[in-house]
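K.L.:
Numbering (my numbering), first residue to last: 190 to 618. A virtual CB, placed ideally from N, CA and C, is assigned to each residue, including glycine.
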Amino acid sequence: MNAPNYPGYRWFVLASLVVITTAGAMSMIGPAPLVGEVSKDLGVSLGAATAMTMMVVMLTTSIFAFLSGFVIDRVGFAAVWIAGCAMQVVAALAIGPLSSTAAGLVVGRILMGMGMGPINAVIATVCAQWFKPAERGYVASAQGVSMWLGISFGLLWTPHWFATFGSWHSALMMSAIPPAIGLVLAVVIMFGPKPPVRTTLATGVDRAAHAADMKRSLATTAIWVLFVMAFFEAWFQQAYNDMAPGFYAVAAPVGLGLGPVGAGQALTWAGYASIVGTLIAPFIVDRVFKGNPKVPLGIACVLSAAFTMGMHVITKDSGLALVLLPCAMLLFSSIVNPTIYGYIANHYPSAVSGRLGGTTTSLAGFGSFVGLAVGSSALAVTGSYTISMNVLAAVILIAGLAALAIREPGLRKPASPARTAEVDEPVAS
(Lines of atoms letter the chains of each structure in order from A and count residues from 1; the text may use other names and numbers.)
(Lines give C-alpha, C1' and ligand atoms only; values in the text may rest on other atoms or scores of the structure.)
Protein backbone atom coordinates (compact mmCIF):
# COMPACT_ATOMS: atom_id res chain seq x y z
CA MET A 1 0.00 0.00 0.00
CA ASN A 2 1.37 3.45 -0.94
CA ALA A 3 2.27 5.89 1.80
CA PRO A 4 -0.14 8.83 2.07
CA ASN A 5 0.66 12.25 0.66
CA TYR A 6 0.80 14.82 3.44
CA PRO A 7 -0.28 18.20 1.99
CA GLY A 8 0.91 21.65 3.01
CA TYR A 9 -2.57 22.28 4.42
CA ARG A 10 -1.47 20.36 7.49
CA TRP A 11 0.39 23.46 8.67
CA PHE A 12 -2.91 25.36 8.76
CA VAL A 13 -4.28 22.49 10.83
CA LEU A 14 -1.30 22.86 13.16
CA ALA A 15 -1.82 26.63 13.43
CA SER A 16 -5.49 26.05 14.26
CA LEU A 17 -4.49 23.50 16.90
CA VAL A 18 -2.23 26.09 18.51
CA VAL A 19 -4.90 28.81 18.56
CA ILE A 20 -7.72 26.54 19.78
CA THR A 21 -5.62 24.96 22.53
CA THR A 22 -4.27 28.34 23.64
CA ALA A 23 -7.79 29.75 23.81
CA GLY A 24 -9.01 26.83 25.89
CA ALA A 25 -6.13 27.11 28.35
CA MET A 26 -6.80 30.84 28.78
CA SER A 27 -10.42 30.11 29.67
CA MET A 28 -9.43 27.31 32.02
CA ILE A 29 -6.79 29.23 34.01
CA GLY A 30 -8.66 32.54 34.02
CA PRO A 31 -10.00 32.48 37.61
CA ALA A 32 -6.71 31.34 39.20
CA PRO A 33 -5.22 34.83 39.81
CA LEU A 34 -8.59 36.00 41.11
CA VAL A 35 -9.20 33.38 43.82
CA GLY A 36 -8.53 35.95 46.53
CA GLU A 37 -11.27 38.18 45.13
CA VAL A 38 -13.60 35.21 44.70
CA SER A 39 -12.96 34.19 48.31
CA LYS A 40 -13.77 37.66 49.70
CA ASP A 41 -16.78 38.28 47.47
CA LEU A 42 -18.49 34.94 48.07
CA GLY A 43 -17.44 34.65 51.71
CA VAL A 44 -15.63 31.33 51.35
CA SER A 45 -12.13 30.15 52.27
CA LEU A 46 -9.24 30.26 49.79
CA GLY A 47 -9.33 26.47 49.61
CA ALA A 48 -13.05 26.50 48.78
CA ALA A 49 -12.57 29.24 46.18
CA THR A 50 -9.80 27.21 44.52
CA ALA A 51 -11.99 24.12 44.53
CA MET A 52 -14.99 25.94 43.00
CA THR A 53 -13.02 27.65 40.26
CA MET A 54 -10.33 25.11 39.38
CA MET A 55 -11.00 21.68 40.86
CA VAL A 56 -14.49 21.52 39.38
CA VAL A 57 -13.29 22.33 35.87
CA MET A 58 -10.51 19.74 36.12
CA LEU A 59 -12.92 16.95 37.06
CA THR A 60 -15.36 17.88 34.30
CA THR A 61 -12.54 18.15 31.77
CA SER A 62 -11.37 14.67 32.74
CA ILE A 63 -14.82 13.12 32.32
CA PHE A 64 -15.50 14.74 28.95
CA ALA A 65 -12.00 14.01 27.62
CA PHE A 66 -12.65 10.34 28.27
CA LEU A 67 -16.12 10.44 26.67
CA SER A 68 -14.86 12.35 23.65
CA GLY A 69 -12.27 9.64 23.03
CA PHE A 70 -15.13 7.39 21.91
CA VAL A 71 -16.47 10.13 19.64
CA ILE A 72 -13.30 11.41 17.96
CA ASP A 73 -12.68 8.12 16.12
CA ARG A 74 -16.25 8.26 14.77
CA VAL A 75 -17.00 11.87 13.83
CA GLY A 76 -13.50 13.33 13.45
CA PHE A 77 -11.64 15.85 15.55
CA ALA A 78 -12.94 18.95 13.70
CA ALA A 79 -16.51 18.31 14.84
CA VAL A 80 -15.22 17.78 18.37
CA TRP A 81 -13.32 21.07 18.17
CA ILE A 82 -16.48 22.90 17.10
CA ALA A 83 -18.51 21.49 19.97
CA GLY A 84 -15.77 22.22 22.50
CA CYS A 85 -15.15 25.82 21.41
CA ALA A 86 -18.87 26.58 21.27
CA MET A 87 -19.36 25.24 24.79
CA GLN A 88 -16.48 27.35 26.09
CA VAL A 89 -18.02 30.50 24.62
CA VAL A 90 -21.39 29.70 26.20
CA ALA A 91 -19.74 28.93 29.55
CA ALA A 92 -17.77 32.19 29.61
CA LEU A 93 -20.81 34.31 28.75
CA ALA A 94 -22.96 32.52 31.30
CA ILE A 95 -20.50 32.71 34.17
CA GLY A 96 -20.99 36.47 34.63
CA PRO A 97 -24.58 36.25 35.93
CA LEU A 98 -24.12 32.74 37.34
CA SER A 99 -21.12 33.60 39.53
CA SER A 100 -23.09 35.84 41.87
CA THR A 101 -23.51 32.69 43.98
CA ALA A 102 -21.12 29.85 44.81
CA ALA A 103 -23.46 27.28 43.23
CA GLY A 104 -23.73 29.34 40.05
CA LEU A 105 -19.95 29.67 39.82
CA VAL A 106 -19.63 25.89 40.05
CA VAL A 107 -22.20 25.42 37.26
CA GLY A 108 -20.32 27.87 35.03
CA ARG A 109 -17.03 26.07 35.57
CA ILE A 110 -18.67 22.72 34.89
CA LEU A 111 -19.80 24.07 31.52
CA MET A 112 -16.25 25.26 30.86
CA GLY A 113 -14.89 21.78 31.61
CA MET A 114 -17.41 20.26 29.20
CA GLY A 115 -15.82 22.37 26.47
CA MET A 116 -12.21 21.85 27.56
CA GLY A 117 -12.25 18.04 27.68
CA PRO A 118 -12.84 17.45 23.95
CA ILE A 119 -10.33 20.16 22.99
CA ASN A 120 -7.52 18.49 24.93
CA ALA A 121 -8.28 14.95 23.76
CA VAL A 122 -7.71 15.30 20.00
CA ILE A 123 -3.92 15.62 19.82
CA ALA A 124 -3.05 11.98 19.11
CA THR A 125 -5.66 11.86 16.33
CA VAL A 126 -4.45 15.11 14.77
CA CYS A 127 -0.90 13.73 14.74
CA ALA A 128 -1.96 10.39 13.25
CA GLN A 129 -4.25 11.81 10.55
CA TRP A 130 -2.31 14.82 9.29
CA PHE A 131 1.40 14.43 10.03
CA LYS A 132 4.30 12.19 9.10
CA PRO A 133 5.67 9.94 11.86
CA ALA A 134 8.83 12.03 12.07
CA GLU A 135 6.71 15.16 12.68
CA ARG A 136 4.33 13.80 15.28
CA GLY A 137 6.48 14.37 18.35
CA TYR A 138 6.91 18.00 17.36
CA VAL A 139 3.18 18.43 16.77
CA ALA A 140 2.46 16.99 20.21
CA SER A 141 4.97 19.51 21.55
CA ALA A 142 3.10 22.27 19.75
CA GLN A 143 -0.01 21.44 21.75
CA GLY A 144 2.05 21.54 24.94
CA VAL A 145 3.42 24.93 23.90
CA SER A 146 -0.13 26.08 23.24
CA MET A 147 -1.26 25.06 26.71
CA TRP A 148 1.54 27.07 28.26
CA LEU A 149 0.89 30.05 26.00
CA GLY A 150 -2.73 29.92 27.11
CA ILE A 151 -1.77 29.68 30.77
CA SER A 152 0.72 32.54 30.45
CA PHE A 153 -1.73 34.75 28.56
CA GLY A 154 -4.58 33.76 30.88
CA LEU A 155 -2.63 34.83 33.97
CA LEU A 156 -2.51 38.31 32.44
CA TRP A 157 -5.84 38.33 30.55
CA THR A 158 -8.35 38.14 33.39
CA PRO A 159 -6.35 40.38 35.81
CA HIS A 160 -6.27 43.00 33.02
CA TRP A 161 -10.04 42.91 32.65
CA PHE A 162 -10.45 42.84 36.42
CA ALA A 163 -8.42 46.06 36.62
CA THR A 164 -10.51 47.51 33.77
CA PHE A 165 -13.98 46.60 35.07
CA GLY A 166 -13.30 46.28 38.80
CA SER A 167 -15.35 43.07 38.74
CA TRP A 168 -14.05 39.51 38.61
CA HIS A 169 -17.44 38.43 37.23
CA SER A 170 -17.02 40.66 34.16
CA ALA A 171 -13.37 39.69 33.82
CA LEU A 172 -14.31 36.00 33.52
CA MET A 173 -16.90 36.80 30.84
CA MET A 174 -14.11 38.18 28.65
CA SER A 175 -12.79 34.62 28.46
CA ALA A 176 -15.37 34.09 25.69
CA ILE A 177 -13.26 36.00 23.15
CA PRO A 178 -10.35 33.51 22.61
CA PRO A 179 -12.52 30.37 22.08
CA ALA A 180 -14.79 32.35 19.73
CA ILE A 181 -11.76 32.83 17.48
CA GLY A 182 -10.97 29.13 17.82
CA LEU A 183 -14.53 28.27 16.81
CA VAL A 184 -14.08 30.04 13.48
CA LEU A 185 -10.93 28.06 12.73
CA ALA A 186 -12.61 24.79 13.72
CA VAL A 187 -15.43 25.43 11.24
CA VAL A 188 -12.87 26.09 8.48
CA ILE A 189 -11.12 22.78 9.27
CA MET A 190 -14.47 20.96 9.29
CA PHE A 191 -15.30 21.99 5.73
CA GLY A 192 -11.73 22.08 4.39
CA PRO A 193 -9.61 19.32 2.80
CA LYS A 194 -9.88 15.85 4.28
CA PRO A 195 -6.91 14.32 6.14
CA PRO A 196 -4.55 12.01 4.22
CA VAL A 197 -5.02 9.27 6.83
CA ARG A 198 -8.59 8.29 7.64
CA THR A 199 -9.23 6.87 11.09
CA THR A 200 -12.97 7.44 11.48
CA LEU A 201 -15.04 4.28 11.83
CA ALA A 202 -17.74 4.02 9.18
CA THR A 203 -18.64 0.33 9.06
CA GLY A 204 -19.04 -2.70 11.27
CA VAL A 205 -15.80 -4.07 9.85
CA ASP A 206 -14.06 -0.85 10.85
CA ARG A 207 -15.39 -1.12 14.36
CA ALA A 208 -14.31 -4.74 14.67
CA ALA A 209 -10.79 -3.87 13.53
CA HIS A 210 -10.80 -0.93 15.93
CA ALA A 211 -11.70 -3.23 18.81
CA ALA A 212 -8.84 -5.57 17.89
CA ASP A 213 -6.38 -2.67 17.74
CA MET A 214 -7.58 -1.41 21.08
CA LYS A 215 -7.20 -4.84 22.67
CA ARG A 216 -3.64 -5.13 21.40
CA SER A 217 -2.82 -1.64 22.62
CA LEU A 218 -4.16 -2.18 26.11
CA ALA A 219 -2.19 -5.42 26.37
CA THR A 220 1.11 -3.52 26.24
CA THR A 221 3.00 -2.39 29.33
CA ALA A 222 3.97 0.93 27.79
CA ILE A 223 0.45 2.34 27.50
CA TRP A 224 -0.24 1.75 31.18
CA VAL A 225 3.04 3.37 32.14
CA LEU A 226 2.09 6.37 30.00
CA PHE A 227 -1.31 6.51 31.69
CA VAL A 228 0.38 6.58 35.11
CA MET A 229 2.81 9.27 34.02
CA ALA A 230 0.03 11.40 32.54
CA PHE A 231 -1.89 11.18 35.81
CA PHE A 232 0.98 12.27 38.04
CA GLU A 233 2.49 14.80 35.64
CA ALA A 234 -0.88 16.52 35.29
CA TRP A 235 -1.30 16.43 39.08
CA PHE A 236 1.96 18.34 39.36
CA GLN A 237 1.53 20.77 36.47
CA GLN A 238 -2.09 21.73 36.88
CA ALA A 239 -2.14 21.83 40.67
CA TYR A 240 0.90 24.09 40.57
CA ASN A 241 -0.59 26.34 37.88
CA ASP A 242 -3.87 26.67 39.74
CA MET A 243 -2.43 27.17 43.23
CA ALA A 244 0.79 29.12 42.58
CA PRO A 245 -1.09 32.30 41.52
CA GLY A 246 -2.94 32.24 44.84
CA PHE A 247 0.29 31.58 46.76
CA TYR A 248 1.98 34.51 45.05
CA ALA A 249 -1.05 36.82 45.30
CA VAL A 250 -2.52 36.46 48.81
CA ALA A 251 -1.08 38.29 51.76
CA ALA A 252 1.54 36.89 54.12
CA PRO A 253 1.89 34.70 56.09
CA VAL A 254 -0.25 32.41 53.90
CA GLY A 255 1.13 33.73 50.61
CA LEU A 256 3.77 36.12 49.31
CA GLY A 257 1.47 39.16 49.07
CA LEU A 258 2.19 40.23 45.48
CA GLY A 259 -1.49 40.74 44.59
CA PRO A 260 -3.28 39.38 41.46
CA VAL A 261 -1.41 41.54 38.95
CA GLY A 262 1.99 41.03 40.62
CA ALA A 263 1.43 37.28 40.77
CA GLY A 264 0.56 37.14 37.10
CA GLN A 265 3.63 39.16 36.14
CA ALA A 266 5.98 36.97 38.17
CA LEU A 267 4.54 33.60 37.15
CA THR A 268 3.99 34.25 33.46
CA TRP A 269 7.72 33.67 32.89
CA ALA A 270 7.37 30.11 34.14
CA GLY A 271 4.88 29.58 31.32
CA TYR A 272 7.49 30.70 28.82
CA ALA A 273 10.04 28.34 30.39
CA SER A 274 7.50 25.56 29.96
CA ILE A 275 7.24 26.44 26.29
CA VAL A 276 11.00 26.02 25.96
CA GLY A 277 10.86 22.66 27.74
CA THR A 278 8.03 21.49 25.54
CA LEU A 279 9.83 22.54 22.36
CA ILE A 280 13.10 20.81 23.26
CA ALA A 281 11.37 17.60 24.41
CA PRO A 282 11.21 15.87 20.99
CA PHE A 283 14.77 16.94 20.16
CA ILE A 284 16.12 15.54 23.42
CA VAL A 285 14.14 12.29 23.24
CA ASP A 286 14.35 11.61 19.49
CA ARG A 287 17.77 12.99 18.61
CA VAL A 288 19.88 12.79 21.77
CA PHE A 289 18.40 9.60 23.24
CA LYS A 290 17.41 7.97 19.91
CA GLY A 291 13.71 7.73 20.74
CA ASN A 292 14.19 6.12 24.17
CA PRO A 293 12.32 8.38 26.64
CA LYS A 294 13.21 6.65 29.90
CA VAL A 295 16.40 8.44 30.93
CA PRO A 296 15.48 12.01 29.89
CA LEU A 297 12.06 11.76 31.52
CA GLY A 298 13.53 10.37 34.73
CA ILE A 299 16.15 13.12 34.96
CA ALA A 300 13.65 15.86 34.15
CA CYS A 301 11.23 14.75 36.86
CA VAL A 302 13.92 14.46 39.54
CA LEU A 303 15.16 17.99 38.81
CA SER A 304 11.63 19.35 38.83
CA ALA A 305 10.98 17.78 42.23
CA ALA A 306 14.20 19.32 43.62
CA PHE A 307 13.30 22.82 42.43
CA THR A 308 9.79 22.45 43.84
CA MET A 309 11.24 22.03 47.33
CA GLY A 310 12.99 25.35 46.82
CA MET A 311 9.60 27.10 46.94
CA HIS A 312 9.75 26.74 50.74
CA VAL A 313 12.51 29.34 51.09
CA ILE A 314 11.36 32.20 48.84
CA THR A 315 9.72 35.37 50.18
CA LYS A 316 8.25 38.52 48.68
CA ASP A 317 11.76 40.00 48.74
CA SER A 318 13.51 37.11 46.97
CA GLY A 319 13.90 39.18 43.83
CA LEU A 320 14.81 37.24 40.69
CA ALA A 321 14.33 33.92 42.47
CA LEU A 322 10.58 34.59 42.44
CA VAL A 323 10.76 34.22 38.66
CA LEU A 324 13.62 31.75 38.15
CA LEU A 325 12.54 29.06 40.61
CA PRO A 326 9.13 28.34 39.04
CA CYS A 327 10.79 28.64 35.62
CA ALA A 328 13.18 25.81 36.54
CA MET A 329 10.35 23.67 37.96
CA LEU A 330 8.23 23.88 34.85
CA LEU A 331 11.05 23.84 32.30
CA PHE A 332 11.86 20.24 33.24
CA SER A 333 8.38 18.94 34.03
CA SER A 334 7.04 20.23 30.69
CA ILE A 335 9.20 17.70 28.85
CA VAL A 336 6.90 14.89 30.01
CA ASN A 337 3.54 15.67 28.39
CA PRO A 338 4.52 16.03 24.70
CA THR A 339 6.69 12.93 24.99
CA ILE A 340 3.68 10.90 26.14
CA TYR A 341 1.43 11.95 23.23
CA GLY A 342 4.22 11.74 20.68
CA TYR A 343 4.97 8.20 21.85
CA ILE A 344 1.32 7.18 21.47
CA ALA A 345 1.07 8.67 17.98
CA ASN A 346 4.26 6.95 16.83
CA HIS A 347 3.94 3.54 18.50
CA TYR A 348 0.21 2.70 18.40
CA PRO A 349 -2.25 2.18 15.51
CA SER A 350 -3.71 5.48 14.30
CA ALA A 351 -7.25 4.03 14.30
CA VAL A 352 -7.25 3.99 18.11
CA SER A 353 -5.35 7.23 18.60
CA GLY A 354 -8.49 9.10 19.57
CA ARG A 355 -9.47 6.56 22.22
CA LEU A 356 -5.94 6.27 23.62
CA GLY A 357 -5.40 10.02 23.51
CA GLY A 358 -8.78 10.67 25.09
CA THR A 359 -8.10 8.16 27.86
CA THR A 360 -4.68 9.70 28.50
CA THR A 361 -6.17 13.20 28.62
CA SER A 362 -8.95 11.97 30.89
CA LEU A 363 -6.45 10.48 33.33
CA ALA A 364 -4.44 13.68 33.17
CA GLY A 365 -7.56 15.66 33.99
CA PHE A 366 -8.38 13.32 36.83
CA GLY A 367 -4.83 13.72 38.11
CA SER A 368 -5.32 17.48 38.01
CA PHE A 369 -8.56 17.10 39.93
CA VAL A 370 -6.98 14.90 42.60
CA GLY A 371 -4.04 17.30 42.90
CA LEU A 372 -6.34 20.25 43.39
CA ALA A 373 -8.46 18.29 45.88
CA VAL A 374 -5.41 17.42 47.95
CA GLY A 375 -3.96 20.93 47.69
CA SER A 376 -7.24 22.69 48.45
CA SER A 377 -7.90 20.41 51.42
CA ALA A 378 -4.40 20.96 52.79
CA LEU A 379 -4.81 24.72 52.35
CA ALA A 380 -8.21 24.73 54.04
CA VAL A 381 -7.03 22.60 57.00
CA THR A 382 -3.59 24.11 57.60
CA GLY A 383 -3.98 27.62 56.18
CA SER A 384 -0.62 27.08 54.48
CA TYR A 385 0.74 26.00 51.09
CA THR A 386 3.60 23.98 52.67
CA ILE A 387 2.02 20.51 52.46
CA SER A 388 0.86 21.15 48.90
CA MET A 389 4.43 21.91 47.83
CA ASN A 390 5.74 18.70 49.41
CA VAL A 391 3.06 16.64 47.67
CA LEU A 392 3.84 18.21 44.30
CA ALA A 393 7.51 17.29 44.63
CA ALA A 394 6.54 13.70 45.49
CA VAL A 395 4.14 13.18 42.57
CA ILE A 396 6.47 14.46 39.87
CA LEU A 397 9.15 12.16 41.30
CA ILE A 398 6.72 9.23 40.97
CA ALA A 399 6.21 10.14 37.28
CA GLY A 400 9.96 10.05 36.75
CA LEU A 401 10.30 6.63 38.35
CA ALA A 402 7.42 5.30 36.25
CA ALA A 403 9.23 6.36 33.07
CA LEU A 404 11.90 3.74 33.74
CA ALA A 405 9.31 1.01 33.07
CA ILE A 406 8.51 2.07 29.48
CA ARG A 407 8.98 -0.79 26.97
CA GLU A 408 8.64 -0.70 23.16
CA PRO A 409 5.07 -1.98 22.48
CA GLY A 410 5.88 -3.39 19.01
CA LEU A 411 2.59 -2.24 17.39
CA ARG A 412 3.31 -0.91 13.93
CA LYS A 413 0.31 -1.84 11.82
CA PRO A 414 -3.45 -2.03 12.35
CA ALA A 415 -4.80 -5.46 13.23
CA SER A 416 -6.90 -5.59 10.07
CA PRO A 417 -6.40 -4.27 6.50
CA ALA A 418 -10.13 -3.55 6.25
CA ARG A 419 -9.65 0.21 6.62
CA THR A 420 -8.29 0.72 3.15
CA ALA A 421 -8.23 4.52 3.48
CA GLU A 422 -5.83 4.33 6.41
CA VAL A 423 -2.09 3.83 6.22
CA ASP A 424 0.22 3.52 9.21
CA GLU A 425 3.84 3.99 8.27
CA PRO A 426 6.38 1.80 10.05
CA VAL A 427 7.99 3.46 13.05
CA ALA A 428 11.53 2.64 14.03
CA SER A 429 12.06 1.27 17.51
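Quick test of your reading: G297 and S289, contact by CB under 8 angstroms. State the CB separation rounded to the nearest angstrom.
P.N.:
The Cβ separation is near 11 angstroms, so there is no contact.
K.L.:
Could you pull out every residue in the same chain whose Cβ sits closer than 6 angstroms to the Cβ of T550, ignoring the five residues on either side in sequence?
P.N.:
Once the five neighbours on either side are set aside, the close Cβ partners of T550 are A254, N309, A310.
K.L.:
Under 8 angstroms by Cβ, that's how I've got P515 and A433 pegged, so tell me the actual separation to the nearest angstrom.
P.N.:
Confirmed, Cβ separation roughly 7 angstroms.
K.L.:
Whole angstroms are fine: how far does the CA of V202 sit from the CA of V474?
P.N.:
Spanning the two alpha carbons is a distance of roughly 24 angstroms.
K.L.:
Along the chain, where does the alpha helix (DSSP H) that runs through T497 open and close?
P.N.:
Counting along the chain, the alpha helix (DSSP H) containing T497 begins and ends at 483 to 498.
K.L.:
Under a three-way DSSP split, which group does T290 fall into?
P.N.:
Coil at T290, not helix or strand.
K.L.:
Distance check for S566 and M500, CA to CA, integer angstroms please.
P.N.:
Going from the Cα of M500 to the Cα of S566 covers about 19 angstroms.
K.L.:
Taking the alpha helix (DSSP H) that T457 belongs to, which residues open and close that run?
P.N.:
Where T457 is concerned, the enclosing alpha helix (DSSP H) stretches over 448 to 471.
K.L.:
The alpha helix (DSSP H) that contains R199, what's its start and end?
P.N.:
199 to 218 is the extent of the alpha helix (DSSP H) around R199.
K.L.:
Would you mind giving the Cβ-Cβ distance between W270 and A375, rounded to the nearest angstrom? I have them listed as a contact below 8 angstroms.
P.N.:
About 4 angstroms; that satisfies the 8 angstroms criterion.
K.L.:
In terms of residues, what are the limits of the alpha helix (DSSP H) holding R596?
P.N.:
Neither: R596 is in no alpha helix (DSSP H) and is coded neither H nor E.
K.L.:
Measuring CA to CA, which of S406, P471, G466 is closest to S493?
P.N.:
For S493, the nearest C-alpha among the options comes from G466.
K.L.:
Take the Cβ of A459 as the centre, count every other Cβ of all protein chains shown within 10 Å, and call the residue buried at 16 or more, exposed below.
P.N.:
Flag for A459 reads buried.
K.L.:
DSSP on S551, reduced to helix/strand/coil?
P.N.:
S551 falls in the helix class under three-state DSSP.
K.L.:
Where do the N-terminal and C-terminal ends of the alpha helix (DSSP H) with N535 fall, by residue?
P.N.:
Run containing N535: 525 to 536, per the alpha helix (DSSP H) assignment.
K.L.:
Just reading off the alpha helix (DSSP H) that I378 is part of, what are its end residues?
P.N.:
First-last of the alpha helix (DSSP H) with I378: 366 to 379.
K.L.:
Are the beta-carbon atoms of G333 and S251 separated by less than 8 angstroms?
P.N.:
Contact flag unset, no.
K.L.:
Whether or not the segment 324 to 342 and the segment 272 to 279 are in contact is what I'm after, with contact meaning three or more pairs of Cβ atoms, one per stretch, closer than 8 angstroms; do they touch?
P.N.:
Not touching, per the Cβ criterion.
K.L.:
Flag this pair as yes or no: are the beta carbons of M215 and G343 separated by less than 8 angstroms?
P.N.:
Their beta carbons are under 8 angstroms apart, which means M215 touches G343 by this criterion.
K.L.:
Please report the residue range of the alpha helix (DSSP H) in which M243 lies.
P.N.:
First-last for M243: undefined, no H or E at that position.
K.L.:
For the alpha helix (DSSP H) containing G225, list its first residue and its last residue.
P.N.:
Run containing G225: 224 to 231, per the alpha helix (DSSP H) assignment.
K.L.:
From which residue to which residue does the alpha helix (DSSP H) around M518 run?
P.N.:
That run of the alpha helix (DSSP H) goes 510 to 522.
K.L.:
Just verifying my parser: in three-state terms, what is the DSSP assignment at D475?
P.N.:
The answer is helix: DSSP assigns D475 an H, G or I state.
K.L.:
Does L235 come out as helix, strand or coil in the three-state DSSP assignment?
P.N.:
In the structure shown, L235 sits in a helix (DSSP, three-state: H, G or I).
K.L.:
Report yes if the C-beta of P471 is less than 7 angstroms from at least one heavy atom of the ligand SAH; otherwise report no.
P.N.:
Because no ligand of any kind appears in the structure shown, any question about the ligand SAH cannot be addressed here.
K.L.:
Quick check on DSSP: helix, strand or coil for N194?
P.N.:
Residue state, collapsed to three classes: coil.
K.L.:
In whole angstroms, what is the alpha-carbon distance linking P222 and P193?
P.N.:
Roughly 46 angstroms separates the two Cα atoms.
K.L.:
Is the segment 503 to 510 close to the segment 560 to 576, with three or more CB pairs under 8 angstroms?
P.N.:
Too few Cβ pairs lie closer than 8 angstroms, so no.
K.L.:
With 16 as the cutoff for other CB atoms within 10 Å, does V260 come out buried or exposed?
P.N.:
By the neighbour-count rule (16 or more Cβ atoms within 10 Å), V260 is buried.
K.L.:
Please report the Cβ distance between L282 and A365, rounded to the nearest whole angstrom; I am assuming they are in contact, meaning their Cβ atoms lie under 8 angstroms.
P.N.:
With 8 angstroms as the limit, L282 and A365 qualify as a contact, their Cβ atoms being about 5 angstroms apart.
K.L.:
Taking 8 angstroms as the cut-off, decide whether the C-beta atoms of S330 and L468 are in contact.
P.N.:
Yes. Within cutoff.
K.L.:
Since A585 and S522 are thought to touch, with beta carbons under 8 angstroms apart, how far apart are those beta carbons, to the nearest angstrom?
P.N.:
Checking the displayed sequence, the identity of residue 585 turns out to be Ile instead of Ala. 6 angstroms between Cβ atoms; contact.
K.L.:
Since S205 and G285 are thought to touch, with beta carbons under 8 angstroms apart, how far apart are those beta carbons, to the nearest angstrom?
P.N.:
Not a contact, Cβ separation roughly 28 angstroms.
K.L.:
State the Cα-Cα distance for the pair G446 and K229, rounded to the nearest angstrom.
P.N.:
Cα to Cα, G446 sits roughly 15 angstroms from K229.
K.L.:
If we count the other Cβ atoms within 10 Å of its Cβ and call it buried at 16 or more, is L680 buried or exposed?
P.N.:
Nothing in the structure corresponds to residue 680, since the chain is present only between 190 and 618.
K.L.:
Could you check whether L581 and A428 sit closer than 8 angstroms to each other, using their CB atoms as the reference points?
P.N.:
In contact: A428 and L581 (Cβ atoms closer than 8 angstroms).
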